[in-house]
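Going down the list, the sequences are from chains F and C.
Residue numbering for the first sequence follows full-length UniProt numbering, starting at 1 and increasing by one per position.
Residue numbering for the second sequence follows full-length UniProt numbering, starting at 1 and increasing by one per position.
Where is the CB? At the ideal position from N, CA and C, for every residue including glycine.
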Amino acid sequence: TFDKILIANRGEIACRVIKTCQKMGIKSVAVHSDVDASAVHVKMADEAVCVGPAPTSKSYLNMDAIMDAIRSTGAQAVHPGYGFLSENKEFAKRLAAEGVTFIGPDTHAIMAMGDKIESKLIAKAAKVNTIPGFDGVVETADDAVKIAQQIGYPVMIKASAGGGGKGMRIAWNDEETREGFRFSSQEAASSFGDDRLLIEKYIDNPRHIEIQVLADKHGNALWLNERECSIQRRNQKVVEEAPSTFLDSVTRRAMGEQAVQLAKAVQYSSAGTVEFLVDSKKNFYFLEMNTRLQVEHPITECITGLDLVEQMIRVAKGYKLLHKQEDIPINGWAIESRVYAEDPYKSFGLPSIGRLSQYQEPLNLSNVRVDSGIQEGSDISIYYDPMISKLVTYGATRAEALSKMEDALDNYVIRGVTHNIPLLREIITHPRFISGDISTNFLPEVYPDGFKGHQLEVGNRRELLASAAALYITAQLRSQKVLGNLRKTCWRLILQTSTVEVDGGKVEVSGQWNLASTLLPLTINGTDRMLQFKVRVLSKLAAELNSYMPEKVAEDTSSILRSPMPGSVVAVSVKPGDTVAEGQEICVIEAMKMQNSLTAAKQAKVKKVHCKPGETVGEGDLLVELE
Amino acid sequence: HPAFLLPDCRRYSVGHLSVKERIDMKRKAALVGGGQKRIDAQHKRGKLTARERVELLLDPESFVESDMFVEHRCSDFGMEQDRNKFPGDSVVTGRGRINGRLVYVFSQDFTVFGGSLSGAHAQKICKIMDQAMTVGAPVIGLNDSGGARIQEGVESLAGYADIFLRNVLASGVVPQISLIMGPCAGGAVYSPALTDFTFMVKDTSYLFITGPDVVKSVTNEDVTQEELGGAKTHTTVSGVAHHAFENDVDALLNMREFFNFLPLSNQDPSPIRACHDPSDRLVTSLDTIVPFETTKAYDMLDIIHAIVDERDFFEIMPSYAKNIVVGFARMNGRTVGIVGNQPKVASGCLDINSSVKGARFVRFCDAFNIPIITFVDVPGFLPGTAQEYGGIIRHGAKLLYAFAEATVPKITIITRKAYGGAYDVMSSKHLRGDVNYAWPSAEVAVMGAKGAVQIIFRGKENQAEAEAEYVEKFANPFPAAVRGFVDDIIEPATTRKKICRDLEVLASKKQVNPWKKHANIPL
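What follows is the structure, encoded as structure tokens:
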């Protein structure tokens, strides 16, 4: 194929592409920003070129610098990964102008699928199911009922000018349609000064299921089965699996064939993804097509045995597809958890930054794949996506893959940043998830008040207490093992197996007690467990005396506003002397592509403002003081 | 006397109690100190009693008390009355074990006359200090005292002086630790000040020469106890205390951990504890820790945590003069003292406070046979009138002095900058460094490129080119390595392994300074 490929990306996806390049004997060129100079993808690549300073607009999105890098290294092709320039038609054009191959679809496909309205029209024309709706304005309640009947219930009546849920009604029958029409138009009029309404099919409890397609430049296209990506937060996927528990072979085939029809309609070549919403009755509707390699592609690779990057490179070079549709299997089950540097206790994940002081991937386990672009000592910075890795587990059955995922999460060591492993573990062990009863609303439905961490059952609690106690005694015993110190110890037991009594119940704990290890493999009451501890244990005496210790008075947080995460200040809406109402916006912090509005906890006068727009702030930094 | 003829214990009785009954009664009285009411008050203040503290500090049932029957000897102001006599007086003393290792302890009892120091109280403390010196074991003082026993007058002052003298004589012989767990004011403060380490409990302990009232009347300053001499003041501003803990329990449990690092005396080697962390562990994260830009900061603590056993680092003075990091850790089980410039704070430069902080720590390590590992990233001494007027010359000399006189194993790692006189100071080869390493990112030079070029090539047209030439020549470890001023240039990942191996070799190091009555460190 090619002799040299430049990867216009960073992090795990750059590493992922380089791996396939190495496998195929292709030289790889990494590009990097100055802060990424010692990043893993730079080390892995045969060559590396710095393309600018940390902000992505000046480095990874800097087409001029990347074009220069291509010229100076003589790369024949560019793999864009995902994000950054992967769906940028301008970039694809510039590459074409210089005779460099873009490893992805042709420009026209990127353009056609990049526009929401146009892509929907093309999809419709290609006989792909789209969300049925009435494209015009609904005049009267009778019209509304007529249209609703045509579309089929349930329907959604929404304001043409709408947004934020205002003027939106779901109707399941004619009567509700009339009522909804009346309310919605009133609400729309008062909220937006525009009472025009639209009606479209309401997708109840939708699942997000997508079809991986692969097409060559010779008019051949395959569907590589589906990926279930319903577990999302803020429209970002968290846990994905392939195949989906929800699809039967008929639906799967129908979705696959429609996806291929669409790919063919736009003369698609390379790997792409057609996203669908699927309702509870297995009706599916086209959402959009992503003309790139998806983040969650590894699970498709697991069940089909194909290397998608390799296929993309072959297709880009002009080779025909090697496989036929009937060659595409579903072998076993694969699950992917996106491990993020973020605090899952704050709206299912607010970015966290820091240095990975300790980092150990669970690669000691079989059937575990970790796609990452970082290593121990790496910095998770505010400049880039906070994803640490994609943890993929595989099994002959879903249950096997899930149980492997549980093990893998338990064996994953991440220190130095807050991470979302507690949430991931909670999701994959939740009865609803296990039974496959999921939708895009899973997280808000299961945790209406936000994620509060694992709720320990009595048995678990006992086991943890027993393990902590045994660990404590190990540490105490070790403290007495000082060279040349011959005094007998007051602890009499030699700890290999110990029986710990907790609240009257007996717990057997045994294991290898290595106090230097971050992972503590224990056998608790006969069950093998992997523990990671950060624990403070008090002796009985210390605990008794501790009760005399005064509670430290916590800082009054209602009159100070601290940054909930590291980021940059986008706007400060108040100045000293202003009076703010409870809930009024005080300032906006942006971190990793996300804007967060911070509000006043009470009505008060602004005493002091400690930040200004454009400033970088750390987690817990004081922003504004109220009186 | 007829009583001697009858071996009946009742014959010894005074009044209506037998001696045995009196012993029991006195012991019982000693155990409750100033009585339940005062104990309750002590608890209400968020403080433990003197005995609870001792019990928590020492291994269970290891405490051997002395002088439980000692009473004060004051007969003025009604002090001679029985109700003003408390067996043991206002301090609990004795010896015990911490993780099996011998320690002498005194714990002042605030429930008895506010823990005030009587002649008897001082005598009890002196007795255990003498014993500690005789057998070679550390002394831990738990301070909670209102000050001198005013009723005793000069007797009390004499008591302080007796303790001070012993503090000085014991200095460098056995480790001395003070834990301030209540008030400690006036002359009393000098005993902790003379010991090796002073730790405080947040919110409940105070150290000052004169309290807020006197301050107000003399200087007309309004200041609270907490601002004047609280834990925060002394750990961040004055540098009097070495660490502050959340509460009594936290402090005492931390004392146990801290004690584990210390040798029992200057005759004992640095302790070696069983170690689960492989001594040849490669620390790959260190290969990328030093940023490419020489002006960019990184956290020296990240390096220290990654290299030492189990990331266990007991930092001394973590909130004071933060441009230098000092503390105890273990390498392959053996206690070491760590000194490191902190690039994150003031670029890691040396100034008055950091020099004094570093010097005192180095001298402790040297006194007690604890090897010193020094991580160097220092751009030089801090310039400015404040520093010069403050005497940076004589204070900076302390750190230089301390490193130079130290005869314990000294291992130095230059991680990045080692500029100017500060290079010499930071345990350089020239000050008898046993093993001096440089990381590939090291640059040993008189100064940074910009400044150097301005001097060498003054008036020359192409400064940028000259700077590049200087960087090429000097901003790397070679100038030092070719002269043998560093023994080797090592991959950062191998640092732990190399230090552990060197410490094994240096365990038998013997080096003696010329005989002197005592040296004369610039104070």
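**Study point:** Those runs of the alpha helix (DSSP H) which lie wholly inside the stretch 292 to 362 of chain F and span at least 4 residues
**Key:** 297 to 304 and 308 to 317
Review point. Whose CA, out of F:Glu445, F:Asn514, F:Tyr202 and F:Gly193, lies closest to the CA of Ile473 of chain F?
Key: On the first sequence, position 473 is the one that residue 473 of chain F refers to. Of F:Glu445, F:Asn514, F:Tyr202 and F:Gly193, the residue nearest in Cα terms is F:Asn514.
Exercise for review: Output the boundary residues of the beta strand (DSSP E) element that contains Thr134 of chain C.
Suggested key: Against the second sequence, residue 134 of chain C aligns to sequence position 134. Where Thr134 of chain C is concerned, there is no enclosing beta strand (DSSP E), although the alpha helix (DSSP H) it sits in stretches over Gly119 to Val135.
Exercise for review: Would you mind stating whether Asn254 of chain C and Phe245 of chain C have Cβ atoms separated by less than 7 Å?
Suggested key: Position 254 of the second sequence, counting from 1, holds the residue named residue 254 of chain C. Position 245 of the second sequence, counting from 1, holds the residue named residue 245 of chain C. Against a cut-off of 7 Å, the Cβ pair of Phe245 of chain C and Asn254 of chain C comes out as a contact.
Exercise for review: Might you give, ordered along the chain, the residues of its own chain that have their beta carbon closer than 7 Å to the beta carbon of Asp222 of chain C, omitting 5 neighbours on each side?
Suggested key: Translated into the one-based positions of the second sequence, residue 222 of chain C becomes position 222. Excluding sequence neighbours, Asp222 of chain C sits near Lys216.
Practice item. Return no unless some Cβ of chain F is closer than 7 Å to the Cβ of His243 of chain C. Key: Reading the second sequence from its first residue, position 243 is the one you call residue 243 of chain C. Judged by the 7 Å Cβ criterion, His243 of chain C is not in contact with chain F.
Check your understanding: Three-state secondary structure (DSSP) at Pro521 of chain F?
Key -> Counting from one through the first sequence, the residue named residue 521 of chain F turns up at place 521. Three-state result, Pro521 of chain F: strand.
Practice item. Give me the Cα-Cα distance between Ser72 of chain F and Glu469 of chain C, rounded to the nearest whole angstrom. Key: Locating residue 72 of chain F in the first sequence gives position 72, where the first residue counts as 1. Locating residue 469 of chain C in the second sequence gives position 469, where the first residue counts as 1. Straight-line Cα distance between these residues: approximately 26 Å.
**Study point:** Contact with chain F by residue 544 of chain C, beta-carbon distance below 7 Å
**Key:** Look at the range of chain C in this structure, 1 to 523, and you will see that residue 544 of chain C is not part of it.
Practice item. Can you give me the start and stop residues for the beta strand (DSSP E) that Ala591 of chain F sits inside? Key: On the first sequence, position 591 is the one that residue 591 of chain F refers to. Segment Glu585 to Ala591, the beta strand (DSSP E) holding Ala591 of chain F.
Point to revise | Length of the line joining the Cα atoms of Ser244 of chain F and Glu257 of chain F | key: Here residue 244 of chain F is taken as the residue at index 244 of the first sequence, counted from 1. Here residue 257 of chain F is taken as the residue at index 257 of the first sequence, counted from 1. When rounded, the distance between both Cα atoms is 17 Å.
**Study point:** Runs of alpha helix (DSSP H) lying entirely within the stretch 225 to 299 of chain F, each at least 4 residues, in chain order
**Key:** 249 to 265
Review point. Does any C-beta atom of chain C lie closer than 7 Å to the C-beta of Gln480 of chain F?
Key: In the first sequence, the residue the question calls residue 480 of chain F occupies position 480. Cβ-Cβ to chain C under 7 Å: yes for Gln480 of chain F.
Point to revise | N-terminal and C-terminal residue of the beta strand (DSSP E) that residue 600 of chain C is part of | key: What the structure shows of chain C is the stretch from 1 to 523, and residue 600 of chain C is not part of that stretch, so it cannot be assessed.
Practice item. For Glu472 of chain C, name the three-state secondary structure that DSSP assigns. Key: As a first step, residue 472 of chain C must be located in the second sequence, where it is residue number 472. In the structure shown, Glu472 of chain C sits in a helix (DSSP, three-state: H, G or I).
Point to revise | Where the UniProt domain "Lipoyl-binding" (551 to 627) of chain F meets chain C: residues whose CB sits under 8 Å from a CB there | key: Lys552
Practice item. Run down chain F in chain order and give the residues with a C-beta less than 7 Å from the C-beta of Ala297 of chain C. Key: Taking the first residue of the second sequence as 1, we reach residue 297 of chain C at position 297. Within 7 Å Cβ-Cβ: nothing; Ala297 of chain C doesn't reach chain F, min ~12 Å.
Check your understanding: Excluding five sequence neighbours on each side, which residues of the same chain lie with their C-beta closer than 6 Å to the C-beta of Glu508 of chain F?
Key -> As a position in the first sequence, residue 508 of chain F is number 508, starting the count at 1. Thr499 and Asn525.
Check your understanding: Where DSSP assigns a beta bridge to Ser178 of chain C, which residues make up the other side?
Key -> Taking the first residue of the second sequence as 1, we reach residue 178 of chain C at position 178. C:Gly141 and C:Thr198, per the DSSP bridge assignment.
Practice item. Determine the direct distance from the alpha carbon of Gly187 of chain C to that of residue 536 of chain C, and round the result to whole angstroms. Key: Nothing about residue 536 of chain C can be reported from this structure: the residues present for chain C run from 1 to 523 only.
Exercise for review: With distances taken Cα to Cα, identify the nearest neighbour of Glu200 of chain F among F:Leu214, F:Gly193 and F:Gly180.
Suggested key: In the first sequence, counting from the first residue as 1, residue 200 of chain F sits at position 200. Cα-wise, what sits closest to Glu200 of chain F is F:Gly180.
Review point. Is the shortest distance between the beta-carbon of Thr198 of chain C and the beta-carbons of chain F less than 7 Å?
Key: Looking up residue 198 of chain C in the second sequence gives position 198. Judged by the 7 Å Cβ criterion, Thr198 of chain C is not in contact with chain F.
Point to revise | Residues within the stretch 536 to 550 of chain F neighbouring chain C, beta-carbon criterion of under 7 Å | key: Leu541, Ala542, Leu545, Asn546, Tyr548, Met549 and Pro550
**Study point:** Contacts that Gly348 of chain C makes with chain F (C-beta to C-beta distance below 9 Å)
**Key:** Within the second sequence, numbered from 1, the residue matching residue 348 of chain C stands at position 348. By Cβ distance, chain F contributes nothing, its closest Cβ being about 18 Å from Gly348 of chain C, past 9 Å.
Point to revise | Ala422 of chain C, enclosing alpha helix (DSSP H) - first and last residue | key: For this step, residue 422 of chain C is matched to residue 422 along the second sequence. First-last of the alpha helix (DSSP H) with Ala422 of chain C: Gly420 to Val425.
Review point. Does Ser59 of chain F have its Cβ less than 7 Å from a Cβ in chain C?
Key: As a first step, residue 59 of chain F is located in the first sequence; it is residue number 59 there, counting from the start. No, no contact with chain C.
Review point. Do Leu224 of chain F and Thr291 of chain F have their CB atoms nearer than 7 Å?
Key: In the first sequence, residue 224 of chain F corresponds to position 224, counting from 1. In the first sequence, residue 291 of chain F corresponds to position 291, counting from 1. Taking 7 Å as the Cβ cut-off, Leu224 of chain F and Thr291 of chain F do not qualify as a contacting pair.
Check your understanding: What span of residues does the alpha helix (DSSP H) with Leu477 of chain F cover, start to end?
Key -> For the purposes of this step, residue 477 of chain F is taken as residue 477 along the first sequence, with counting starting at 1. Note, Leu477 of chain F: alpha helix (DSSP H), Val458 to Ser479.
Review point. Taking the runs of the beta strand (DSSP E) that are 3 residues or longer, which of them lie wholly in the stretch 333 to 387 of chain C?
Key: 334 to 341 and 372 to 378
Review point. Shorter than 7 Å from the beta carbon of Leu506 of chain C to some beta carbon of chain F?
Key: The count along the second sequence starts at 1 and reaches residue 506 of chain C at position 506. Leu506 of chain C does not count as touching chain F.
Review point. Counting contacts by CB-CB distance shorter than 7 Å, is Ser190 of chain F in contact with chain C?
Key: To locate residue 190 of chain F, count along the first sequence from 1; it is residue 190. Not an interface residue.
Check your understanding: Quick one, which residues of the stretch 334 to 367 of chain F are near chain C if we go by CB-CB under 9 Å, in chain order?
Key -> Arg355, Leu356, Ser357, Gln358 and Tyr359
Check your understanding: Is the shortest distance between the beta-carbon of Glu376 of chain F and the beta-carbons of chain C less than 7 Å?
Key -> Numbered from 1 along the first sequence, position 376 holds the residue referred to as residue 376 of chain F. Answer yes: the Cβ-Cβ gap between Glu376 of chain F and chain C drops below 7 Å somewhere.
Practice item. Assign Phe314 of chain C to one of three DSSP states: helix, strand, or coil. Key: Position 314 of the second sequence, counting from 1, holds the residue named residue 314 of chain C. In this structure, Phe314 of chain C counts as strand in the three-state DSSP scheme.
Practice item. Answer with yes or no whether the minimum CB distance from Lys509 of chain C to chain F is below 7 Å. Key: Locating residue 509 of chain C in the second sequence gives position 509, counting from the first residue. Answer no: the Cβ-Cβ gap between Lys509 of chain C and chain F never drops below 7 Å.
Review point. What separation, rounded to the nearest whole angstrom, lies between the Cα atoms of Cys15 of chain F and Ile313 of chain F?
Key: Here residue 15 of chain F corresponds to residue number 15 of the first sequence, with the count starting at 1. Here residue 313 of chain F corresponds to residue number 313 of the first sequence, with the count starting at 1. Their backbone Cα atoms lie some 15 Å apart in a straight line.
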